[in-house]
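Residues in the sequence shown are numbered consecutively from 108, following our numbering.
Virtual Cβ for every residue (Gly too), placed ideally from N, Cα, C.
As the structure is a computational prediction, the values presented were derived from the model and not from experiment.
First up is the structure itself, then whatever we jot down about it.
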Amino acid sequence: MSPTDCVAALDIGGTTIKAALVDRQGTVMARLRRPTPSRDDGPDQVLAAALATIDEFAGVPGSRRVRAVGLVVTGIVDERRGVAVHSQNVGWRDVPVRSLVEQATGLPVGFGHDVRAGTLAEWRLGAGRGLEDLVFVPIGTGVSAGIVVRGRLITGDGYAGEIGHVDVGHGEPCVCGGRGCVEALASAAAIARRYAAVSGRPVAGAREVAERLVAGDPIARRIWDEATDALALALAWTSVVLAPQAILLGGGLARSGSLLFEPLALALGGHLGVVRRPRLVPAALGDDAGFLGAALLAWEAVQPSSRKS
Ligand SMILES: [Zn+2]
């Protein structure tokens with residue numbers, strides 16, 4: 108295989124399409140960021156924007172050859188069928204993304220879920236290298252988990268790992284329509300929203316709540332503690348059921364470092380007793396995890412491995 112072979116990998120988010128050309132070793136050879144069309148413009152516009160981004164890569168000068176395409180989105184994704192069952196933030200419902208992109212590009216296509224693909228990337232290229240049992244939990248607008256058990260990524264037909272929507276008993280409403288969900292207290296978005304609601308002072312994000320916590324703000328302390336307690340409970344259940352060697356924490360909230368990791372490790376230790384305590388590890392790939400995972404799916408489409416999912 109020529110060393111200049113690469114794949115076009117796209118992480119299609121609600122506001123931004125993050126795209127890259129990635130070689131066989133996971134090295135990023137080129138990057139693009141494009142705004143995601145509004146879902147009010149219709150689901151076809153998002154697909155058209157994705158295809159246009161792939162075309163832009165085809166026009167990059169040089170001797171790179173695009174061998175395949177990888178795409179990931181959030182929501183309920185059925186990797187086996189290559190279908191976006193329900194990706195709310197791009198307006199896709201039962202869209203057969205894999206076959207549509209195959210038809211449009213004439214290339215092999217890998218299609219998956221952003222968090223599970225990010226898990227694949229952290230496992231193969233990032234903080235989870237060499238592990239057989241791990242959980243990747245990105246904490247941003249939501250909270251969910253990518254799960255690897257005995258060297259297999261667990262997909263559950265698109266439903267595995269939704270640890271953000273377990274009722275931990277606090278009673279507050281959640282975007283999913285339920286109450287008491289982990290995500291309603293512990294996502295970065297929830298921390299910012301709840302701080303603003305209680306204090307009457309709007310904040311730009313969870314990072315600002317963390318700054319106020321350090322400055323001694325008691326409301327920030329309360330909101331932060333409630334978030335880490337809810338998260339610790341979700342991670343405790345996850346650990347009891349799966350006994351991962353490590354839990355990789357990513358997303359915006361993981362950038363708060365010891366402010367997050369220390370209380371979480373303490374609370375988790377308190378919950379687990381005799382059960383194996385997983386190492387809590389910062390994820391390594393940041394915002395690149397999604398498209399790097401898409402790249403790995405694309406390479407698998409070129410040359411399917413024995414990985415079952
Ligand atoms: Zn929920």
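Inset, instruction - Specify the secondary structure class of H277 as computed by DSSP and reduced to three states. - result: coil
Inset, instruction - Kindly indicate the opening and closing residues of the beta strand (DSSP E) around H378. - result: No beta strand (DSSP E) holds H378; the alpha helix (DSSP H) holding it covers 365 to 379.
Inset, instruction - Return yes when at least one heavy atom of ligand 1 lies under 7 Å from the C-beta of E290, else no. - result: yes
Legend entry - Inter-residue Cα distance where the pair is V273 and R188: 27 Å
Inset, instruction - Measure the alpha-carbon distance for R200 versus A293 and round it to whole angstroms. - result: 27 Å
Inset, instruction - May I ask whether a heavy atom of ligand 1 can be found less than 7 Å away from the beta carbon of G285? - result: yes
Inset, instruction - Report whether the distance from the Cβ of H193 to the nearest heavy atom of ligand 1 is below 7 Å. - result: no
Inset, instruction - Determine the DSSP secondary structure at P150, reduced to helix, strand or coil. - result: helix
Inset, instruction - Could you tell me if the beta carbon of H272 falls within a distance shorter than 7 Å of some heavy atom in ligand 1? - result: yes
Inset, instruction - Label S194 either buried or exposed according to how many other C-beta atoms from any shown protein chain fall within 10 Å of its C-beta, with 16 as the threshold for buried. - result: buried
Inset, instruction - Indicate whether the contact test is met: 3 or more Cβ pairs, each with one atom in the stretch 390 to 401 and one in the stretch 218 to 229, closer than 8 Å. - result: yes
Legend entry - Which residues DSSP lists as bridging V388, in chain order: L355
Legend entry - Stretch pair the stretch 165 to 180 + the stretch 397 to 408: three plus CB contacts closer than 8 Å: yes
Inset, instruction - Just the C-alpha distance for K415 and E318, rounded to the nearest angstrom, thanks. - result: With a pLDDT of 46 at K415, under the threshold of 50, the modelled position of that residue is not reliable, and the figure given next carries that caveat. So the alpha carbons of these two residues sit roughly 43 Å apart.
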